[in-house]
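4 protein chains.
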Amino acid sequence: MSWKPWAGVFTEAPDPQVEQFTESVSFDRRLYSQDIRGSVAHAQMLAKVGLLTAEECQQIEQALHEIEEEIRSGRFVFRPELEDIHMHIERALTDRLGDVGRKLHTARSRNDQVATAMRLWVREAIEQIDYRLRQIQEAFVGRCERDAGVIVPGYTHLRRAQPVLAAHYWLCYCEKFQRDRDRLSDCRRRVNMLPLGAAALAGTSLPIDRHDVARRLGFVDPETGQEQLLSNSLDAVSDRDFLLEFVFDLALISEHLSTWAEEWILWSSQEFGFLKLPEAFCTGSSIMPQKRNPDVLELIRGKTARVIGDLQTLLVLIKGLPLAYNRDLQEDKPPVFDAFDTVRACLEIAVPLIQQAELDPAAIAERLDQGYLDATSFMEYLIQRGVPQRTAHHQVGRLVRRAMELGISLAQLPFEEIQQMCPEIDQGVFQVLGARQAVLVMQSYGSTAPAEVERQIQVWKSRLAAEKAQCQPTLIL
Amino acid sequence: MSWKPWAGVFTEAPDPQVEQFTESVSFDRRLYSQDIRGSVAHAQMLAKVGLLTAEECQQIEQALHEIEEEIRSGRFVFRPELEDIHMHIERALTDRLGDVGRKLHTARSRNDQVATAMRLWVREAIEQIDYRLRQIQEAFVGRCERDAGVIVPGYTHLRRAQPVLAAHYWLCYCEKFQRDRDRLSDCRRRVNMLPLGAAALAGTSLPIDRHDVARRLGFVDPETGQEQLLSNSLDAVSDRDFLLEFVFDLALISEHLSTWAEEWILWSSQEFGFLKLPEAFCTGSSIMPQKRNPDVLELIRGKTARVIGDLQTLLVLIKGLPLAYNRDLQEDKPPVFDAFDTVRACLEIAVPLIQQAELDPAAIAERLDQGYLDATSFMEYLIQRGVPQRTAHHQVGRLVRRAMELGISLAQLPFEEIQQMCPEIDQGVFQVLGARQAVLVMQSYGSTAPAEVERQIQVWKSRLAAEKAQCQPTLIL
Amino acid sequence: MSWKPWAGVFTEAPDPQVEQFTESVSFDRRLYSQDIRGSVAHAQMLAKVGLLTAEECQQIEQALHEIEEEIRSGRFVFRPELEDIHMHIERALTDRLGDVGRKLHTARSRNDQVATAMRLWVREAIEQIDYRLRQIQEAFVGRCERDAGVIVPGYTHLRRAQPVLAAHYWLCYCEKFQRDRDRLSDCRRRVNMLPLGAAALAGTSLPIDRHDVARRLGFVDPETGQEQLLSNSLDAVSDRDFLLEFVFDLALISEHLSTWAEEWILWSSQEFGFLKLPEAFCTGSSIMPQKRNPDVLELIRGKTARVIGDLQTLLVLIKGLPLAYNRDLQEDKPPVFDAFDTVRACLEIAVPLIQQAELDPAAIAERLDQGYLDATSFMEYLIQRGVPQRTAHHQVGRLVRRAMELGISLAQLPFEEIQQMCPEIDQGVFQVLGARQAVLVMQSYGSTAPAEVERQIQVWKSRLAAEKAQCQPTLIL
Amino acid sequence: MSWKPWAGVFTEAPDPQVEQFTESVSFDRRLYSQDIRGSVAHAQMLAKVGLLTAEECQQIEQALHEIEEEIRSGRFVFRPELEDIHMHIERALTDRLGDVGRKLHTARSRNDQVATAMRLWVREAIEQIDYRLRQIQEAFVGRCERDAGVIVPGYTHLRRAQPVLAAHYWLCYCEKFQRDRDRLSDCRRRVNMLPLGAAALAGTSLPIDRHDVARRLGFVDPETGQEQLLSNSLDAVSDRDFLLEFVFDLALISEHLSTWAEEWILWSSQEFGFLKLPEAFCTGSSIMPQKRNPDVLELIRGKTARVIGDLQTLLVLIKGLPLAYNRDLQEDKPPVFDAFDTVRACLEIAVPLIQQAELDPAAIAERLDQGYLDATSFMEYLIQRGVPQRTAHHQVGRLVRRAMELGISLAQLPFEEIQQMCPEIDQGVFQVLGARQAVLVMQSYGSTAPAEVERQIQVWKSRLAAEKAQCQPTLIL
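Chains as they are written, first to last, in this note's numbering: chain A, 1 to 477; chain B, 478 to 954; chain C, 955 to 1431; chain D, 1432 to 1908.
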């Protein structure tokens, strides 16, 4: 048991069942490259301040890179009794370097070491999610031209409400995912704070230089170039806000995906018939020969539950824990990894699905004039002729009722009957009746007016093009 | 793509990315033995009603058992494009038997097949959890004799309240876990209903005998011997109540474990000093040489969050899904498996920890008379002498205040001073003062009175002994 | 401050802001009648064992009934500084009776008093919910005759799957709500355990008779007539399982309601057109004159979120609390009350909605043969002629594909074309084609076969009639 | 029923039970002033673009202000059949102004109207929470001087770890609450986007000026002065991200409060004895005369559950809802209001509690040298003398073990015994032994080194003073 790095005070070795129960290497091994990056920077700083010699530092760096390569290539052997990825790597280092390896853990604790690796990991995870959100936005913007001019019913309460351009729908999703990107960007600022050097909970009596480590690891404000350090050591090792905020952001992305999935499940049903999903994104039934099911969309909707559950786990986990570090916090990683993997997979599969699904304009158009989608623009026509809104609303309501009873559209009502209810009208009323007309008369900022939608499409195109000019993140997690 | 069992109506093969996204075999493979058991019973019934010949049935049975053995021994090859464990097994069967294999899926759908396998699995999972809860109860009851006579402070609001026997604490946990066992037993009744034969959602036009399958698979009422069948095919394929109820029961077990873990973390702290955890259940710090941390208890407490998160996932998953089956439901398995694995692991590690931890009676006794644990029994002494409870409460409160100011215990107050406040007393008051006395005077049913606790210990011993006489479940999941 | 019943040991009065923050009377006042019932039984027992005189007991009983009437009629004055409903009532008692009132709190604590009142309340709440679930079942069974013979598409993955009788849908909901009722009945057993007499946490040294109180308050096993007491005083004051289990049961009811609400929102949309909601259950739009929105159904679906949130609150609340009572538990009541009120309101509004909505058989029938709902029964026809299921599935799949391309139904395919794909058929195949035929050929237990559905309807009618013969609960909460 | 503003198309009046079930005025009435502010701005814009005359606008403004005053003073009569606060106000307006009142709802819908009111409300709610967080920070910073020089044990795993200054603890909480404030500030940017003018879901055909409304209502970027408008009408009426983000931020605040509450519950227990809570923040027991319970802290901890539950409600509510508005969203308000009220109340009560609690330096000091808090600084002393960290860790661990067995502190070990284990030491080792010394030798940035803590105190003082110079928000919600 002497190899346990903390065994000095113990007289009894851990029970193997305990080792199995407490190990985390089965899931935290995916932090290996972040851990090594953190250790290299730490070693370089130690050398800078004289706690390691230059040669010791170089030996450590080289050995760590070898270990990294060994893990990457799958040759590294993991053992539950070595607890976590951090101990595995340090042990491998000591196996190689002896006393030099035993010096690496100077002026740090696993508490700040884990927090550092996790922050590096989340920083990259944010980049990746952001990149995929951009791809989704591009996919939606890309549809806008393909679906130019297609008018679909807009819904409230799942009842036909007013007609809108299909492109208006696509841009709505761009807006939602843009807010997600903004939130991730805000989150990144709070993630990008260096905890290393907080040691166990109180800091250290050794003459370390935390600002130096921050620079090496990119914990700097991208605008000012200033190092970003957590300023209180108790906070540095206890803070998990950054994980909760990240997973909350993922949960909202997931919610937006669930809305889109629900909508497309509806739109591609036999009853709606608006949308044809590519067969490659559907599967069949083991018993019903005719079935083509929208499984991908259903799973995306279902996986929202998983991400919400992950967030709940984190919220429950940290409730009522006193300062500073408690082992409960080891359980913070599985939900974070799961939420990230889930949302990443959903975003990846969503992109080609958005691109390849096909609207069925004929089927849509055929029933577009059902549901009295023009009632509101008709009412607004009356308002423009001086009828108070409530009065106009009531008059149109009565006319809709009448048309329903006759089983016809508003435009099919006799002019005289309309005029009797609404004396203010003239023949120009037919300019606003019909779903297509109801779209064309729109004009407000943000509305589905064709010119307004076109303007928004151009805004999105410019914005996304500008971003594309920047480098794509290396997607390594 | 012709091998896809549902490919007839399709012209396009699934995208490999889609296959990856929609596969479930990575987690549902653990249902292989339940699936095979279900298939064997199904085949036997098909033979009974003439939809298979006796020979076909025998071939299928034999092949399924070979496949089961292949999976058990790790020789079976899993491929994401075969979707789930059910398709893997059926495909392997068809590879072996050709047309005979192609007949197995007669009069069933994956919808009822999956539900059946899952119900068989949960039935066994319940047995396992129940078995381990019993072990925990035995561990606590086992402590009662070892800790006989030890009095500890009882707490409310984490303030010393009244003295209780340590055994009284142990039996409190037995009660909580007994309710968990009762809930699991109730849950089992609802789990133990056969869905098979509901087919996709509407039943079948083939002349199957569902009662026969129910008998073969043990879906019978243990008391009446009557077959238990789900009676509505739409319900049979859509119902997931049994999973939610099972995971809720696990969540409550987890809550009870968290209370115990919290308490023992406190009791084993330097400040409380009541309990010594076995070193084999503690780990040290990478930086602080003196630390021995109660990691196992902290992880048990932390893992509660995970089980609660799993329950939340399931609750969110099924909300608002229309009938009957939706693919979202594929996501029901990971949280169920995770909750089960988590709770099982916690229960397993808890047993030896409960057995091996040691109370420190000397340390407990040393400070037992702090906190005025005898104030209530003193008050009750006054009540027995006719003082109204509220008056007695006030008098004792004033005396406690006085003793606090003097830094002494109630028993150390001069008799005259007590008598001045409470004229009803005589020297007999000292019979109820002091923590030990306060325990001895107890008498109500369910109280910490030594005789009462002893009686309860005997009740538990008999109950557990009676159960032990029954067979232990085979723990195979 | 002398009136504070616990003020003896204090020298400083509570801050008014603290009184405001800690009061619970604003929500626990609804427990007044349960509290009084508990106090009356407690007083009667105290008299029986000699801790009160018969006359004192009678005075207390009478005064408590007066106070109850005062509260019921709205004349009682509530004051935050009196904390909770229990202190209000005791204070009012003491104001009336002086020292006699001061004796009521003998041998009990608020800890066991609150738990008792809450258990009495939940017991009644369960009866009420159960009663309303039965009304829902009656409403669905009542529809079965009205909708006799109506065939609707059954769905999986929100795609038309197989045809089923409308009544089959209605009975599916009866099954789900029956499980809810079974769960509530199981829960009731665990609710119906007397905590009173556990006092603060340790029991009492006074010679009380808890079994007597149990009998008076109905904490008895309805079958054996045996008193049901919590047997460990630490458990009695800390246990909140019964609240969590009750709210979990409410959450599952809510989930079932959400499935039904989702389905009827879909069915009543313009696209589905299966169902007409009564106008009295819809509301309009402030701007769109033609809208009639299914608000009641949407709110029922939405309120599921609330009940799930309430359950989460309780799960989080108790996690990691050490024994025995902690003030956190005061927060257990608002979510329980909210979940109950929410589910009760949803159930109440659902009954008339279920009764009054109208299927539109003509609209349903018009498109019933879309979606190849007969494909599975066709496949089963082939199986009965000896074609292996997988082969039959493939053949029918190809034929569906062909029919889709031609835009026709299976029955409209030329016999020769069908026969070319499936040589086993003869003209009898047309007996199984078409949605109506596909229902008629069904035969398995629990299927949508007309005779089977009729049988189930009769089962439900008998069961509900038998229950109705029993008394209706007094709905007083 | 003619008064129902949307009644035109209906022939049947809503059922009173339905009105009761669907009403929201019982909780959304607290939005009255936000609604009126929005309506005034809307009317002014309508006048500007010619949809109202100047006189009509003035009449509307004046009448709305009268109505506002009527509501504020409690004279306004609310009726469930008028649904929500928005209809109440419009109806009161029409009662006063007739046709002029009927014009106000021109070019808007309740969908965008509600979203606007809610955004105005959340904007103010953020200001209030931020203000109270600042007060908490001031309270903690204020303690730093009072508690200057007090050293307390720092904990990990609830085991004594290293000594830290009490002020270091206080500043840790300042850091956590500062992140909360940063998150609220980020959230505010996304809240502060105008939805009005999106109308029902598609925009309007009337010539409105949304930028004008944005300016009037303060939907402007505080830095650039640019109007902030939601740019897609479907998004504007469906987006609830801003509520979820706000409640998530509240949940994290609540988590931080729960950590602090847990810690102070522990610190004020008899076992820890670090902290005396003011009696005015404690309450007693109804049965145990000696009890003084930390109820306020327990309730703060417990109320965390409530806020987490509120967040879960919102997450479940919006999952899987298709675009654009669905009535489910009416249920978004109760959890937002509840989370806000809960967190606000906790913050308000926390401030005086933080200020008035008293550390007990004597009691702390008495046991400060228990737990080997100096082990780590001793190890670092060895590292500075060239011993590899792992070796030093092991040596100190062995020495701690030895000291434990002897029941003494490290400093009480004979120098020779220490030297035998650690040959590198000299008498200077005693400079780092003892808890006080272990604090004094600290030096890293963010550590508990006295100079470092002093520096941080000054940073906080300047920051908070600078903020205080700004105006305090008017706290009106």
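Even glycine gets a Cβ: it sits at the ideal position worked out from N, Cα and C.
Open item on the list: Is the separation between the beta-carbon of D/Phe-1705 and that of D/Val-1727 shorter than 9 Å?
Closed with: Within the fourth sequence, the letter at position 274 stands for residue 1705 of chain D. Within the fourth sequence, the letter at position 296 stands for residue 1727 of chain D. Contact flag unset, no.
Open item on the list: List, in chain order, every chain C residue whose beta-carbon is nearer than 7 Å to that of A/Glu-298.
Closed with: For the purposes of this step, residue 298 of chain A is taken as residue 298 along the first sequence, with counting starting at 1. By Cβ distance, chain C contributes His-1111.
Open item on the list: Can you check whether the C-beta of A/Leu-314 is within less than 9 Å of a C-beta belonging to chain C?
Closed with: Walking along the first sequence from the start, residue 314 of chain A turns up at place 314. No, because no Cβ of chain C sits closer than 9 Å to the Cβ of A/Leu-314.
Task: Segments of 3+ residues assigned as beta strand (DSSP E) that fall wholly inside the segment 601-654 of chain B - done: 628-633 and 636-642
Task: Close Cβ partners of B/Gln-536 (< 7 Å) along its chain, the five nearest in sequence each way excluded - done: As a position in the second sequence, residue 536 of chain B is number 59, starting the count at 1. So the qualifying residues of the chain are Leu-574 and Val-577.
- [ ] Answer yes if the segment 1340-1347 of chain C comes into contact with the segment 1475-1490 of chain D, meaning at least three C-beta pairs across the two stretches below 8 Å, and no otherwise.
- [x] no
Task: Separation of A/Arg-160 from B/Thr-633, as counted between CA atoms - done: Locating residue 633 of chain B in the second sequence gives position 156, where the first residue counts as 1. Locating residue 160 of chain A in the first sequence gives position 160, where the first residue counts as 1. In a straight line, the C-alpha of B/Thr-633 is about 58 Å away from that of A/Arg-160.
TODO: Determine contact between the segment 1038-1051 of chain C and the segment 980-996 of chain C, defined as no fewer than three beta-carbon pairs at a distance below 8 Å.
DONE: yes
Open item on the list: Rounded to whole angstroms, what is the Cα-Cα separation between C/Val-963 and B/Ala-869?
Closed with: Counting from 1 along the third sequence, the entry for residue 963 of chain C is found at position 9. Counting from 1 along the second sequence, the entry for residue 869 of chain B is found at position 392. Rounded to whole angstroms, C/Val-963 to B/Ala-869 spans 12 Å at the Cα level.
TODO: My understanding is that C/Val-994 touches C/Pro-1161, with C-beta atoms under 8 Å, so please give their C-beta distance in whole angstroms.
DONE: On the third sequence, position 40 is the one that residue 994 of chain C refers to. On the third sequence, position 207 is the one that residue 1161 of chain C refers to. At roughly 20 Å, the Cβ-Cβ gap does not stay under 8 Å, so C/Val-994 and C/Pro-1161 are not in contact.
TODO: Along the alpha helix (DSSP H) that carries B/Thr-701, what are the first and last residues, could you check?
DONE: The sequence position of residue 701 of chain B within the second sequence is 224, counting from 1. Element bounds for B/Thr-701: n/a, residue is neither H nor E.
Task: chain C within 9 Å of D/Arg-1821, Cβ atoms only - done: Residue numbering aside, residue 1821 of chain D sits at position 390 when the fourth sequence is read from its first letter. At a cut-off of 9 Å between beta-carbon atoms, D/Arg-1821 makes no contact with chain C.
TODO: Ignore the nearest five residues each way along the sequence and tell me which others in D/Gln-1850's own chain have a CB closer than 7 Å to its CB.
DONE: Within the fourth sequence, numbered from 1, the residue matching residue 1850 of chain D stands at position 419. Cβ neighbours of D/Gln-1850 beyond the five flanking positions: Ile-1856.
Open item on the list: Excluding the 5 residues flanking D/Glu-1676 on each side, which residues of the same chain have their C-beta closer than 7 Å to its C-beta?
Closed with: Your numbering for residue 1676 of chain D matches position 245 in the fourth sequence. Cβ within range, chain order: Cys-1618 and Arg-1621.
Open item on the list: Are the CB atoms of B/Asp-712 and B/Met-522 within a distance shorter than 9 Å?
Closed with: For the purposes of this step, residue 522 of chain B is taken as the residue at position 45 of the second sequence. For the purposes of this step, residue 712 of chain B is taken as the residue at position 235 of the second sequence. Result no, Cβ atoms of B/Met-522 and B/Asp-712 do not sit closer than 9 Å.
TODO: Below 8 Å on the Cβ atoms is my guess for D/Gly-1733 versus A/Thr-259; work out the distance and round it to an integer in Å.
DONE: For the purposes of this step, residue 1733 of chain D is taken as the residue at position 302 of the fourth sequence. For the purposes of this step, residue 259 of chain A is taken as the residue at position 259 of the first sequence. Contact between D/Gly-1733 and A/Thr-259 is absent: CB atoms are separated by about 34 Å, not below the 8 Å threshold.
TODO: Assign D/Met-1432 to one of two classes, buried (16 or more other C-beta atoms within 10 Å of its C-beta) or exposed (fewer than that).
DONE: Here residue 1432 of chain D is taken as the residue at index 1 of the fourth sequence, counted from 1. Per-residue confidence for D/Met-1432 stands at a pLDDT of 42, beneath the threshold of 50, marking its modelled position as unreliable; no derived number is given.
Open item on the list: So that I know if they touch, is there some Cβ in chain C lying closer than 9 Å to that of D/Cys-1603?
Closed with: Mapped onto the fourth sequence, residue 1603 of chain D falls at position 172. D/Cys-1603 does not count as touching chain C.
Task: Buried or exposed (CB count within 10 angstroms, at least 16 for buried), D/Gly-1656 - done: By 1-based counting over the fourth sequence, the position of residue 1656 of chain D is 225. D/Gly-1656 is exposed by the Cβ-count criterion.
Task: Sequence-distant residues of its chain with Cβ nearer than 7 Å to D/Arg-1522 (five each side left out) - done: As a working note, residue 1522 of chain D is residue 91 in the fourth sequence. Excluding sequence neighbours, D/Arg-1522 sits near Leu-1513.
TODO: Report buried or exposed for D/Gly-1828, applying the criterion of at least 16 other Cβ atoms within 10 angstroms of its Cβ.
DONE: Looking up residue 1828 of chain D in the fourth sequence gives position 397. With 16 or more Cβ atoms within 10 Å of its Cβ, D/Gly-1828 is classed as buried.
- [ ] Compare the C-beta of C/Tyr-1085 with all C-beta atoms of chain A and state if any pair is closer than 9 Å.
- [x] In the third sequence, the residue the question calls residue 1085 of chain C occupies position 131. Output row for C/Tyr-1085: interface = no.
- [ ] Within 10 angstroms of the Cβ of C/Lys-1130, are there 16 or more other Cβ atoms? Answer buried if so, exposed if not.
- [x] Here residue 1130 of chain C refers to the residue found at position 176 of the third sequence. Flag for C/Lys-1130 reads buried.
Task: Short CB-CB distance (under 9 Å) between B/Gly-905 and chain C - done: Numbered from its first residue, the second sequence carries residue 905 of chain B at position 428. Answer no: the Cβ-Cβ gap between B/Gly-905 and chain C never drops below 9 Å.
Task: Rounded separation between A/Thr-106 and B/Leu-727 - CA only - done: As a first step, residue 106 of chain A is located in the first sequence; it is residue number 106 there, counting from the start. As a first step, residue 727 of chain B is located in the second sequence; it is residue number 250 there, counting from the start. Looking at the two C-alpha atoms, the distance is approximately 43 Å.
Task: Segment limits, alpha helix (DSSP H) that includes B/Ile-685 - done: Within the second sequence, numbered from 1, the residue matching residue 685 of chain B stands at position 208. Note, B/Ile-685: premise wrong, no alpha helix (DSSP H); not H, not E.
Open item on the list: For a test of the three-state rule: what should DSSP assign to D/Thr-1442, helix, strand or coil?
Closed with: Here residue 1442 of chain D refers to the residue found at position 11 when the fourth sequence is read from its first residue. Coil.
- [ ] Run the CB neighbour count on C/Asp-1195, radius 10 Å, all protein chains shown included, and call it buried at 16 or more, exposed below.
- [x] Position 241 of the third sequence, counting from 1, holds the residue named residue 1195 of chain C. It counts as buried.
TODO: Let me know if C/Gly-1103 comes out buried or exposed under the rule of 16 or more other beta-carbons within 10 Å of its beta-carbon.
DONE: Taking the first residue of the third sequence as position 1, residue 1103 of chain C is located at position 149. Its Cβ having fewer than 16 others within 10 Å, C/Gly-1103 is exposed.
- [ ] Inspect the beta-carbon positions of D/Ser-1636 and A/Val-432 and report whether they are closer than 9 Å.
- [x] As a position in the fourth sequence, residue 1636 of chain D is number 205, starting the count at 1. As a position in the first sequence, residue 432 of chain A is number 432, starting the count at 1. Yes, the Cβ-Cβ distance between D/Ser-1636 and A/Val-432 is below 9 Å.
Task: C/Trp-1075: contacting residues in chain B (beta-carbon distance under 9 Å) - done: Walking along the third sequence from the start, residue 1075 of chain C turns up at place 121. Chain B residues near C/Trp-1075: none, gap ~19 Å exceeds 9 Å.
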